[in-house]
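Here is the structure we will look at, set down as structure tokens.
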Amino acid sequence: MSADTAILAALATPLIGGLLILLTGSIPNLREAVTLVTAAVLFLIVASITPTVLAGDRPEVTLLQMLPGLDITFRVEPLGMLFGLIASGLWIINSIYSIGYMRGNDEGHQTRFYFFFAVALSSAVGVAFSGNMLTLFVCYEVLTLSTYPLVTHHGDANSLRSGRIYMGILLGTSIGLLLFGMVWTWHVAGTLNFTQGGILEGKADETITVALLFLYMFGIGKAALMPIHRWLPAAMVAPTPVSALLHAVAVVKAGAFTVVKVIVYIFGVDFLADTGATEWLMIVAAATLLIASVVAMRKDNLKARLAYSTISQLSYIVLGAALVTGTAIIGAGMHLAMHAMGKITLFFCAGAIYTAAHKTEISQLNGIGRTMPITMGAFAIASLSIIGIPPLGGSWSKFQLMLGAAEGDHLVYVFVYAASSLLSAAYLVPIIARAFLLPPEAKSAGAAAAHEGGIQEAPLPCLIALCTTAVGAIALFFYADAIAALLAPITGPITG
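For the sequence shown, the numbering used here assigns the number 693 to the initial residue and increments by one for each residue that follows.
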């Protein structure tokens, strides 16, 4: 299969799988087998494109032309290749986890769940492989629409209210700001194609550049910059596999990915460095990074704490892109992968705790490491990666980001990154300590007896998934150079 054909196959495979999921919905074992096979086939197809991209080629395919110069075009470059690998690879693991979680909690509407999950993955791959801003925008909106039924899966009043917040903010920002910025870019530059070095240099003055950057950065609502972040905590009403999708596999990663792609291929890193147009964005990203960490410390609900952690970690990527140095851009791209692996593990563990122990609050987790040692061990590994402790993958991306800030003579942001790592430790380490070091708080003799009943882990598929991603967080430490090598071409002849 040629790389061009593989692009089309990668887009079509989840959609075909989704249709098969609908057809096999009355036979759960077959439906879930279809999900797993579809996820595996998608990953193999995406992985087959990687050697071509590493060799320096940029496979491209155009589906249709809407207007002269405005095409629905897909083109695979290194940053999109990385995001495609993340999304398709983690879908396999998330699907395994979903089987254990959805069955373990006797969730309803499981066929609908797996179908929309597949559609979301197709749109995520479309975002990853977009050849221009128009294509990305279309796939970005499909991703929003296809994840709405997942966020509102339970169908109760709370879910529907959270779904309205989710849709309102994401559609409002993309249509009200991002689309406006795209039209303005087309007017100024005459193209929306992703181009090495950007398309605005020599065509937009500093004032227009700052205005466009504002429209793009706040129009990309999935990046969750404050104050347009509220959709992310609101979406935590969804089942935990959906939370994993939102935080690690597709949605927020699509936002952070789009931020980096726009800065690199629409504005151009050298152009932004020369104009200083990102100074305000650095401040906003740094503020989001620190404030979200402080808010996370105050949340007792485990998923809420992890949600605010994600808001903070996304701003690591936005700040790295705004620093506009080669090393920081590479660090931002690396953090897409490192955070995805660590955060999906944390959400898997949160869901496993709920499934096995029906606990959602951190204050309820005293001594739970004794009955759920595998789950909490994986939680500890993922937490250390998010904090940035070797030998976990997160240590490399944070090092690259701090080095990139230093190269750009932005020493204050070196301290921001360091302070955020300390704050990450402050909201994650106490959970681990509570689980392993504190005695369980049994409210009755019966509860105490139940607690002493031995290991009480979540269903096996949940454990397989969370152990796999925990090992992945370690493995990324040793393969960080491969990710950096893949991303190196996107920086071009950038100087720090």
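All C-beta atoms, glycine included, are put in the ideal place defined by N, C-alpha and C. All values derive from a computational prediction rather than experimental measurement.
CA-to-CA distance, G894 to C1159, given in whole angstroms: Answer to the nearest angstrom: the Cα atoms are 51 Å apart.
Rounding to the nearest angstrom, what Cα-Cα distance links N786 and Y1000 in this structure? 21 Å
May I have the straight-line CA-CA distance separating K1035 from L998, to the nearest angstrom? 8 Å
Is V738 closer than 8 Å to S780 when the C-beta atoms are compared? yes
Which of helix, strand or coil DSSP assigns to S854: helix
What is the rounded straight-line gap between the Cα of L981 and the Cα of I861? 20 Å
Taking all protein chains shown into account, decide if L692 is buried (16 or more other Cβ within 10 angstroms of its Cβ) or exposed. Coverage of the chain is limited to positions 693 through 1188, which leaves residue 692 absent and any answer about it impossible.
Does the structure place the stretch 1002-1018 close enough to the stretch 941-948 that three or more beta carbon pairs sit under 8 Å? Yes, since at least three Cβ pairs between the stretch 941-948 and the stretch 1002-1018 fall closer than 8 Å, the two stretches touch.
Who pairs with T754 in a beta bridge, going by DSSP? T765
For L759, which beta-bridge partners are listed by DSSP? BP columns for L759 point to L762.
Which complete alpha helix (DSSP H) runs does the stretch 909-969 hold, if anything under 4 residues is left out? 923-926, 932-936, 943-954, 961-967
With 16 other CB atoms within 10 Å as the buried threshold, where does P760 fall? exposed
Is the distance from the Cβ of I1079 to the Cβ of G1086 below 8 Å? yes
Residue nearest to I975 in terms of C-alpha spacing, selected from A1013, A812, N993, D992: Of the candidates A1013, A812, N993, D992, the one whose C-alpha sits nearest the C-alpha of I975 is A1013.
Between A698 and the rest of its own chain, which residues show a CB-CB distance below 7 Å, the 5 nearest in sequence each way excluded? I737, S740, I741
Closer than 8 Å is the cut-off here; do at least three beta carbon pairs connect the stretch 797-814 with the stretch 764-776? no
Are the Cβ atoms of I958 and G890 separated by less than 8 Å? yes
For S1136, collect the residues of the same chain with a Cβ closer than 8 Å to its Cβ; drop the 5 residues on either side in sequence, then sort them by chain order. Confidence in S1136 is poor, its pLDDT being 42 and thus under 50, which makes the residue's placement too unreliable to answer from.
Would you mind reading off the limits of the alpha helix (DSSP H) that contains M1189? Examination of residue 1189 is not possible in this model, given that the chain is present from 693 through 1188 alone.
Excluding the five sequence neighbours on either side, which residues of its own chain have a C-beta within less than 8 Å of the C-beta of L1057, listed in chain order? L994, I1045, K1051, I1123, R1126, A1127
Beta-carbon gap between A896 and L904 smaller than 8 Å: yes
If the criterion is Cβ atoms closer than 8 Å, does the pair G855 and T844 meet it? yes
Looking at W783 and V934, is the spacing between their C-beta atoms short of 8 Å? no
Where G1188 sits in the DSSP three-state scheme: For G1188, the predicted structure reports a pLDDT of 33, less than 50, and the residue's modelled location is therefore unreliable. A value from the coordinates is still provided. Three-state DSSP puts G1188 in coil, outside helix and strand.
The alpha helix (DSSP H) spanning E1133 covers which residue range? It is not in any alpha helix (DSSP H) - E1133 carries neither H nor E in the DSSP assignment.
For A721, which three-state DSSP category applies? What sits at residue 721 in the sequence shown is Asn, not Ala. Looking at N721 - three-state DSSP - the assignment turns out to be helix.
Take every Cβ of the stretch 832-846, pair it with every Cβ of the stretch 708-715, and state whether three or more of those distances are shorter than 8 Å. no
For N824, name the three-state secondary structure that DSSP assigns. Here N824 sits in strand by DSSP.
Which residues in the same chain have their Cβ closer than 6 Å to the Cβ of L1076, if we skip the five residues on either side of it in sequence? L1084
Could you tell me which residues DSSP pairs with N885 in its beta bridges? N824
Return the chain-ordered list of same chain residues with a C-beta closer than 6 Å to the C-beta of M693, the five sequence neighbours on each side being excluded. Excluding residues within five positions, none has a Cβ falling inside 6 Å.
Inter-residue Cα distance where the pair is H1143 and M1068: Because the pLDDT of H1143 is 48, which lies under 50, any placement of that residue in the model is unreliable, and the number read from its coordinates should be weighed accordingly. For H1143 and M1068, the distance between alpha carbons rounds to 16 Å.
Report the option in G772, V929, V733, A731 whose CA atom is closest to the CA atom of R750. G772
Suppose contacts are defined by Cβ-Cβ distances below 8 Å. Is Y858 in contact with G1043 by that definition? no
Step through the CB atoms of chain D and report whether any lies within less than 8 Å of the CB of I1045. Here there is only one protein chain, and chain D is not present.
Return the CA-CA distance between F906 and I1021, expressed in angstroms with no decimal places. 19 Å
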